[in-house]
Amino acid sequence: MSQTQTVEQIRQFEVVDLYRQEHPDAESWAVGYGQIEHSPQTQQRVFAMAEVLHEKGCDRETLFKILSALDRVTNAGMWLVVHQTYANKVYLDGRDLEPEDFKTKPEGHTGGSLNIVPAYAGYMGVNAITNFTRSWIMGQGHCVSGINSVNVLLDNLVDVHAERYNLSDEGLTHFVEDFYDYKFNEQGKQASPLGSHVNPHTAGGIAEGGYLGFVQLEYVHLPLPGERLVTFLSDGAFEEQRGSDWTPRWWRAEDCGLITPIMINNGRRIDQRSTMAQKGGTDWFVEHLKLNHFEPIVFDGADPAAFVWAIWEMEQRLQAASQLVERGEGCYPVRLPYGIATAEKGAGFYNAGENLAHNLPLGNNPYKDREAAQNFNQNARKLWVPKSELTKAIAVLQNHDKSQRPQEKNHPLVARNVSVKTVPEVEFQEISDDRQDRNTWTYGQPMSAVDSTFLAVVQANPHLRPRVGNPDEMKSNRMQQTLDYLKFRVTEPEEGIPEAVDGAVITALNEEAIAAAALGNKGGINIIVTYEAFGAKMHGVMRQEIIFVKHRQKMGLSNGWLSIPLVLTSHTWENGKNEQSHQDPMMAEAMLNEAADISRVLFAADYNTAGVITQKIYQTQGQFYTLVVPKRSSVANLFTPEEANTLLQQGAMQLDWASYKSEQSQVILTAIGAYQLEEVLKASARLREKDLPHSVVYMLEPGRFRLPRDSGELAQAASGELCNQLYPDSVSARVFVCHTRPEPILGTLQSLSTGHQHTAALGFINEGGTLNRYGMLFINRCTWGHILAETARVLEIKPEDLFSTEELKAIQGNVLPEGVIIPK
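Note that this note's numbering has the sequence shown beginning at 10, numbered continuously upward.
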């Protein structure tokens, strides 16, 4: 330690000693309790905070009573954490546990859960001190044991937890028994409402936190002005997902609430040091943050009072920075305060800081091992708080009624309820009066319908904060009107470019980061637009959202935010200039696998259907729409406004104008995708020439026709009457032509398949390259000619009956297809 540091430390001791002598309540808190110690630095910071708050009307006595109560609740919370991992009995009198009181198979992420207890307790404490209920989110969802332990102590429980747990031996025993309990209930569902990660039963939980790095991408976009958010981050997740470095680029006081990101810096991932620890630890991280426009604040991560001070201090600094910008004395990005809570992994219990601390710090099972049992009892005793003392501490923190603020389980981000006030009309395009005559067709650009309709909804509803997630090439993806109006969000706008400091288009070359901008903005209105091939990079973050929303739905909880569309364009069949790396329908396939009532996958057929879909999305809540939309201007306009609405309502419809003698139909041709529809119509025209009765169906939303896997999907499913109408049992020959690979569609539509002999499916077969739309269709065997070849197969007729000799040779690869099957 340098001489300067030594002198500063001496002065620090002098200051805190004088304050403690002058204020008995401060002295009573400063001595610490159990495993909680308050360093001179923390004391000095807390005392300075106390004086400011005192000037604002918070008396010192109340403040230090709350801080003293926090020490006790924090110890008790950690005591419960280690019981959840190891014990199947809880005794509030603190007695030693006998071998039979331990679990036969302990489980838990104990170290991280211990570390989160002082953090979450500190969050509770600052709310009590300032009489303001902040929101919270946690990136390390596996540490839920710490959150639940504090919640059960403070009676901050949702109904399902409140019915099972309370502050008694019986209630807490049930609590620890439920942790990692793999049993089923009588309905054949998971019996325990605890789970291993944050779930909708976790009071105040809004994200599972099981997907490393997601929360750190999303948190800046979560709170609206007037709201405050405390975010607990993981140093392991820091190396998993680096997009959070851009957070200061997005925060604006004018349209964002206060955010206080706090890194729980305990130096380990699972069984290895984190990259941060290997590079130079906290000092290296501080410099890294400074380079990225953060203002790092290092504090004691084992002390709940340090978290109270850090949250309060970070908010003060952020407000001051925003005021400077407002007065014209500062600019964006502001130096965004960022807390670094340093602590050993599993601080407060046996083997803190060691590899074992991550999961099972005792090393051996106390149910079988006497030494492990002794180590548990000795170290748990240091955390035990007598019930009478604990009850008083709990009462001090439960000041919600007095301050008329909501409990933390009801913080503002838990239950968004958002709706549009005005629904603008779609500007439809005209279609041909005779759709059988291709020479009379009109053509449109479906992405332009998405663009104009989304912008119209935004302009008609100025009460909603808009966010556009855009990884790259907004203009190329035909979102020009939206871009011109909302503009890229930047800190230094370039003249002549659609950029603005308050822009609502969030752009970064990181697909998950820009998806998070929309997913976090559940208090507003959103859209995500990307090249289809890059949508796959968003799958992880999208899936986390879908899972959590589905769980809420199953628990009877509402999801009241506006539905969010992910638009996949510049897609597989039209993106020939960038080679096969840009030709991939995987995202639509992956989203089809998810819950069909939450993850809705739609294939826009033309301009009018794209407009109707976009308009209707913002009249729904709690769903994620994956829209596959062409961007080319050569897409035929084939659906009237009425038909487009019917198509969206039903999920599929028969095209009566294209079908031929459908009452005598021998085969059903189904198109799923705009370019696929045009090829089906060409095939249909040939069948008409050959006097072969058939029907043509366009399927907009395949997920509506899958076999329902639960009640939610059943409610969303197409009616049996519609299925029988479109696919009568009397017509077993069926050909599906799809935008995706055929196998996922056949799996989704298994109820409509009549077996390989009578059912064919055509789609992307992993062929591509520098090819135009027709080349892509041919190389993937999806042209009208290939459709006819499969039609002949399922009808068991000769191909020669449908083709000319030259056409058949082209299909078989014996002559060039240009000018025969596809245009020259």
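Even for Gly, the Cβ is constructed at its ideal location relative to N, Cα and C.
Which one of the options has the shortest CA to CA distance from residue i?
i: ALA798; options: LEU780, ILE555, VAL744; result: VAL744
i: THR182; options: ALA402, GLU236, HIS92; result: HIS92
i: GLU809; options: LEU696, ASN364, ALA509, HIS206; result: LEU696
i: GLN413; options: PRO115, HIS748, ARG782, THR139; result: THR139
i: PRO702; options: VAL676, GLY721, LEU709; result: VAL676
i: ASP719; options: PRO115, LYS198, VAL185, HIS63; result: LYS198
i: ALA599; options: ALA614, GLU583, LEU365, PHE633; result: PHE633
i: ARG69; options: ASP178, PRO33, LEU123, ASP102; result: PRO33
i: ASN775; options: ALA542, TYR736, ALA819, GLU554; result: ALA542
i: LEU62; options: ASN124, GLU31, ALA137, GLU36; result: ALA137
i: PRO737; options: PRO751, GLY756, LEU761, GLU752; result: LEU761
i: LEU758; options: ILE788, GLU710, PHE773, GLU805; result: GLU710
i: ARG552; options: ALA526, VAL394, GLU603, TRP260; result: GLU603
i: VAL185; options: ASN157, ASN165, VAL167; result: ASN157
Spatial neighbours of residue i within its chain, please: CB distance less than 8 Å, with the 5 preceding and 5 following residues excluded, ordered by chain position.
i: GLU816; result: GLY794, VAL829, ILE830
i: MET238; result: The sequence shown places Leu at residue 238, not Met. ARG143, SER144, TRP145, ILE146, TYR228, LEU231, PRO232, GLY266, LEU267, ILE268, THR269, LEU422.
i: GLN734; result: GLN663
i: PHE193; result: GLN199, ALA200
i: ARG54; result: PHE308, ALA315, TRP318, GLU322
i: HIS560; result: ASN208, PRO209
i: THR763; result: SER741, ALA742, ARG743
Can you give the beta carbon distance from residue i to residue j, rounded, assuming they're within the 8 Å contact cut?
i: HIS8; j: ALA352; result: The question about residue 8 has no answer, for the chain in this structure spans 10 to 833.
i: ILE349; j: ILE320; result: Not quite, the Cβ-Cβ distance comes to about 13 Å (not below 8 Å), so this is no contact.
i: PHE463; j: ILE536; result: 5 Å
i: ALA262; j: VAL317; result: Contact doesn't hold; Cβ gap of about 23 Å is too wide.
i: VAL82; j: LEU495; result: About 45 Å; that fails the 8 Å criterion.
i: VAL637; j: ALA597; result: 5 Å
i: VAL159; j: TYR129; result: 5 Å
Can you pull the DSSP bridge partners for residue i?
i: HIS703; result: TYR669, VAL676
i: ALA770; result: PHE745
i: ASP105; result: DSSP lists no partner for ASP105.
i: LEU345; result: PHE303
i: PRO209; result: None; PRO209 has no bridge partner.
Under the three-state reduction of DSSP, which class applies to residue i: helix, strand or coil?
i: PRO415; result: coil
i: PHE188; result: coil
i: TYR634; result: strand
i: SER397; result: helix
i: ALA694; result: helix
i: GLY620; result: helix
i: GLY220; result: Before going further, note that residue 220 is Tyr rather than Gly in the sequence given. Three-state result, TYR220: coil.
i: PRO455; result: helix
i: TYR100; result: coil
i: ASP309; result: strand
i: TYR42; result: strand
i: GLN663; result: strand
i: GLU353; result: coil
i: TYR174; result: coil
i: ALA314; result: helix
i: SER762; result: coil
i: GLY121; result: helix
i: LEU780; result: coil
i: TRP145; result: strand
i: ALA319; result: helix
i: GLU520; result: helix
i: TYR540; result: strand
i: LEU575; result: strand
i: GLU805; result: coil
Identify, in the order they occur along the chain, each residue of the same chain with its Cβ nearer than 7 Å to the Cβ of residue i, setting aside the five sequence neighbours on each side.
i: THR779; result: GLY585, LYS586, GLU588
i: GLN50; result: GLN21
i: GLY218; result: MET147, GLY148, GLN149, GLY150, HIS206, VAL207, VAL224
i: ASP606; result: GLY721, GLU722, ALA724, GLN725
i: ASN386; result: ASP105, LEU106
i: VAL689; result: LEU678, ALA680, VAL705, VAL746, ILE796
i: SER485; result: SER579
i: ILE555; result: GLU603, ALA604, ILE607, SER608, PHE633
Below 7 Å, is the gap between the Cβ of residue i and the nearest heavy atom of the ligand NAD?
i: CYS67; result: As presented, the structure is devoid of all ligands, the ligand NAD included, so that no description of it is given.
Keeping to the same chain, check which residues put their C-beta closer than 6 Å to that of residue i; ignore five residues upstream and five downstream.
i: GLY620; result: VAL435, ALA458, THR462
i: VAL295; result: PRO305
i: THR516; result: ASN479, PHE497
With 8 Å as the threshold, decide whether the Cβ of residue i is near any Cβ in chain D.
i: ASN384; result: Reference to chain D is not applicable here, since this structure consists of a single protein chain.
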